[in-house]
Amino acid sequence: MTTPPPDHSRRRAFRPRWQRQGRHPDYRFSLANERTFLAWIRTALAFMAGAVGIYQFAPDIATPWAREALAVMLSLGGALLSLAAYRRWAGNERAMRSDAALPYTRLLWLLALFVTAVAVVLGLLLVWG
Amino acid sequence: MSEPTRDPGLQPERTGLAWSRTAFVTLLFSALLLRGGIVHHEPGLAWAGVILLIATGALYAWAGWRLRTAATSALTHGAPVTPASTWVIRITALVVALVGLTVAASVLYHGTLLAHVRALLS
């Protein structure tokens, strides 16, 4: 199950270099990694949907510039999260190919901090805005 | 020795469903972008919605394909990370990031935030 299949050289040319090193991990781990990537992508999409929602569909919250600041924060956060999702997917896959430990990530900690900041700002806006 | 025909952990099914769940989220978000962009006259948002709608179709097609091939070939080949799946993952991340940047740019361009910051600084 972990031996690489015979690769045609033409197809191999399209593979990133790290995918030609090491050996294929158990397919179940690769699929789990793919689902984790998708979960991050959906989180990023939820941030952006929140941005559009606050920006356009909640005109009674606070002054326009404060809503816009929150929307910019959320949509940029979502964009960064999407790129981080790819980085993390590739990092995990690379680690599994060489039997290394999965890279430790501060991403969850940063995400919690970010969501807390957004919630606090939104709460302040609801009270005083 | 009989060849296993089904993964007891249902990994391929769960992965295919994760893709179609993601496609459903992009479908909802593109509807939100299209409505916001058209009703509030922000072409940037509307275009981001169009791109995301196209991406939604591609994601659903990929989800179905992934569900079928991953279920049958993952067990025999043992390598679900193909060049095609690598590119789909890259393009997905890139499109989502670009949509996020477009939303931020549209908010800054049509909104009053930049003018407000400029007034504070001067």
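Residue numbers (my numbering), protein chains in the order written: chain B, 1 to 129; chain L, 1001 to 1122.
Think of the CB as a built atom: it goes at the ideal place given N, C-alpha and C, for glycine as much as any other residue.
**Asked** Is DSSP giving histidine 1040 of chain L helix, strand or coil here?
**Response** Residue state, collapsed to three classes: coil.
**Prompt:** At a Cβ threshold of 7 Å, is threonine 1056 of chain L touching chain B?
**Reply:** For threonine 1056 of chain L, the answer is no, since every Cβ of chain B falls outside 7 Å of its Cβ.
**Asked** Can you tell me whether threonine 130 of chain B is buried or exposed, with buried defined as 16 or more other CB within 10 angstroms of its CB?
**Response** Residue 130 of chain B lies beyond the range of chain B shown here (1 to 129); nothing can be said about it.
**Request:** Show which residues of chain B have a CB atom less than 8 Å away from the CB atom of isoleucine 1089 of chain L.
**Result:** In chain order, Glu34, Phe37, Tyr86 and Trp89 make up the part of chain B whose C-beta sits under 8 Å from the C-beta of isoleucine 1089 of chain L.
**Prompt:** Helix, strand or coil for glutamine 21 of chain B per DSSP?
**Reply:** In the structure shown, glutamine 21 of chain B sits in coil (DSSP, three-state: anything other than H, G, I, E or B).
**Asked** What is the rounded straight-line gap between the Cα of alanine 1048 of chain L and the Cα of tyrosine 1109 of chain L?
**Response** Roughly 15 Å between the two C-alpha positions.
**Request:** Say whether chain B places a C-beta atom closer than 7 Å to the C-beta of valine 1050 of chain L.
**Result:** Taking Cβ atoms only, chain B never reaches closer than 7 Å to valine 1050 of chain L, which makes this a no.
**Asked** Are the beta-carbon atoms belonging to valine 52 of chain B and leucine 1032 of chain L less than 7 Å from one another?
**Response** Yes; because the gap between Cβ atoms is below 7 Å, this pair is in contact.
**Environment of tyrosine 86 of chain B [buried if 16+ CB atoms lie within 10 Å]** = Result: buried.
**Message:** Could you compute how far the alpha carbon of leucine 81 of chain B sits from the alpha carbon of alanine 101 of chain B?
**Reply:** Their backbone Cα atoms lie some 22 Å apart in a straight line.
**Asked** Using a Cβ-Cβ distance under 7 Å, would alanine 1018 of chain L count as near chain B?
**Response** Closer than 7 Å to some Cβ of chain B, the Cβ of alanine 1018 of chain L qualifies, so yes.
**Message:** Relative to the C-alpha of alanine 112 of chain B, which candidate in B:Val72, B:Thr43 and B:Pro103 has its C-alpha closest?
**Reply:** Comparing Cα positions, the closest option is B:Thr43.
**Message:** For a test of the three-state rule: what should DSSP assign to alanine 101 of chain B, helix, strand or coil?
**Reply:** Here alanine 101 of chain B carries a coil assignment [DSSP, helix/strand/coil].
**Buried versus exposed, by CB contacts within 10 Å (16 or more), tyrosine 27 of chain B** = With 16 or more other Cβ atoms within 10 Å, it is buried.
**Asked** With distances taken from CA atoms, which of B:Ala46, B:Gln56 and B:Arg97 is nearest valine 1039 of chain L?
**Response** Ranking B:Ala46, B:Gln56 and B:Arg97 by Cα distance to valine 1039 of chain L puts B:Gln56 first.
**Asked** Grouping DSSP H, G and I as helix and E and B as strand, with all else coil, what is alanine 1079 of chain L?
**Response** Shown here, alanine 1079 of chain L sits in coil according to DSSP, grouped into three states, outside any helix or strand.
**Request:** For proline 59 of chain B, name the three-state secondary structure that DSSP assigns.
**Result:** Proline 59 of chain B: coil per DSSP, three-state reduction.
**Message:** Could you compute how far the alpha carbon of alanine 1046 of chain L sits from the alpha carbon of arginine 1035 of chain L?
**Reply:** So the alpha carbons of these two residues sit roughly 7 Å apart.
**Request:** Anything in chain B within Cβ reach of proline 1012 of chain L, meaning under 7 Å, just list it in chain order.
**Result:** Within chain B, Leu31 have C-beta atoms less than 7 Å from the C-beta of proline 1012 of chain L, given in sequence order.
**Message:** Taking its Cβ as the centre, do 16 or more other Cβ atoms sit within 10 Å of tryptophan 128 of chain B, making it buried, or is it exposed?
**Reply:** Exposed, because fewer than 16 other Cβ atoms sit within 10 Å of the Cβ of tryptophan 128 of chain B.
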